[in-house]
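K.L.:
Just so you know, we're using the UniProt record's numbering here: the sequence shown kicks off at 390 and counts up by one.
Here it is: the structure, laid out below.
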Amino acid sequence: IFRNKMEFFAAAKISSSFPAPDLPEIAFAGRSNVGKSSLLNALTRQWGVVRTSDKPGLTQTINFFNLGTKLCLVDLPGYGFAYAKEEVKDAWEELVKEYVSTRVGLKRVCLLIDTKWGMKPRDHELINLMERSQTKYQIVLTKTDTVFPMDVARRAMKIEESLKANKSTVEPVIMVSSKSGAGIRSLRTVLSKIARF
Ligand code: GTP
Ligand code: MG
């Protein structure tokens, strides 16, 4: 499925401009700068379709990318971006919350966590919201190339344990690096099962 050509389809600043949910969707959420846009590029091996930046807060709209006619990948604006104006920050956050809790056709949210920084209150907030709205999610640890390999597994276990505290079954955390390519194939395998064939 990830071999299909990725094409920009729509951008939305408000929920009324979300495109019709014609395809199954997989969305990528997480704090600003965790590597959401980079992961879309790595998964599809199509660099340059989704813009990335070392300055946090680059993605400011919900961006929909079609993968052929099979699947839609959705790049969400990051939360917790410290320098944005309060009003703008609140607007992004509300938009993301509305999207993840109400979107028809949303099959999975990949919640990205930076391996180095771990889970933050905003991440827990989003998890709680997804639990309440019964949105399926998958935790993805990103930028695993930035810490020692032994630390990666240890941090993943810590996150799984903290999730088990309020939930009986927890999907295993997937560890990836868009830079080295580690874990990208496993994530593709997991996500491919979600698409309509
Ligand atoms: P916002 O759009 O601001 O929410 O950010 P984002 O989550 O889309 O992050 P983006 O993909 O733009 O990446 C942010 C920065 O992290 C860029 O400088 C990337 O090059 C870098 N980055 C992304 N993935 C990796 C990775 O796997 N390893 C390393 N070392 N850096 C990465
Ligand atoms: Mg982005």
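Every residue gets a Cβ at the ideal spot worked out from N, C-alpha and C, and that includes glycine.
Remember, it's a predicted structure, so these values are computed and weren't measured experimentally.
So if DSSP puts E396 in a beta bridge, which residue, or which two residues, is it bridged to?
P.N.:
E396 pairs with N455.
K.L.:
Can you grab the Cα-Cα spacing for the pair V565 / L429, in whole Å?
P.N.:
Their Cα atoms are separated by approximately 12 Å.
K.L.:
May I ask you to check if the CB of T531 is nearer than 8 Å to at least one heavy atom of ligand 1?
P.N.:
At least one heavy atom of ligand 1 is nearer than 8 Å to the Cβ of T531, so yes.
K.L.:
Rounding to the nearest angstrom, what Cα-Cα distance links E396 and T533 in this structure?
P.N.:
Approximately 28 Å, taken between the alpha carbons.
K.L.:
Any idea what DSSP makes of K547, helix, strand or coil?
P.N.:
Three-state result, K547: helix.
K.L.:
Look at Q527 and R497 and say whether their C-beta atoms are less than 9 Å apart.
P.N.:
Yes, Cβ-Cβ distance for Q527 and R497 is below 9 Å.
K.L.:
According to DSSP, F417 sits in a beta bridge with which residue or residues?
P.N.:
DSSP lists D464 and C499 as partners of F417.
K.L.:
Would you call I403 buried or exposed, if buried means 16 or more other Cβ atoms sit within 10 Å of its Cβ?
P.N.:
Its Cβ having fewer than 16 others within 10 Å, I403 is exposed.
K.L.:
With DSSP collapsed to three states, give me the class of M539.
P.N.:
M539: helix per DSSP, three-state reduction.
K.L.:
When you compare each of I415, D503 and G572 to V489 by their alpha carbons, which one comes out closest?
P.N.:
Looking at the Cα atoms, I415 is the closest of the given residues.
K.L.:
Relative to the C-alpha of A545, which candidate in W436, T504 and S405 has its C-alpha closest?
P.N.:
Of W436, T504 and S405, the residue nearest in Cα terms is T504.
K.L.:
Considering only the alpha carbon of each residue, which of K556, T531 and I583 lies closest to G570?
P.N.:
When each option's Cα is compared against that of G570, the closest is T531.
K.L.:
Going by other Cβ atoms of all chains shown within 10 Å of its Cβ, with 16 needed for buried, is K425 buried or exposed?
P.N.:
Buried, because 16 or more other Cβ atoms sit within 10 Å of the Cβ of K425.
K.L.:
Looking at the unbroken alpha helix (DSSP H) that takes in I573, where does it start and where does it end?
P.N.:
Segment I573 to S581, the alpha helix (DSSP H) holding I573.
K.L.:
Can you tell which of T450, V579, V541 and G419 has the C-alpha that lies nearest to the C-alpha of E514?
P.N.:
Closest option to E514, Cα to Cα, is G419.
K.L.:
For Q527, which beta-bridge partners are listed by DSSP?
P.N.:
Paired residues: C499.
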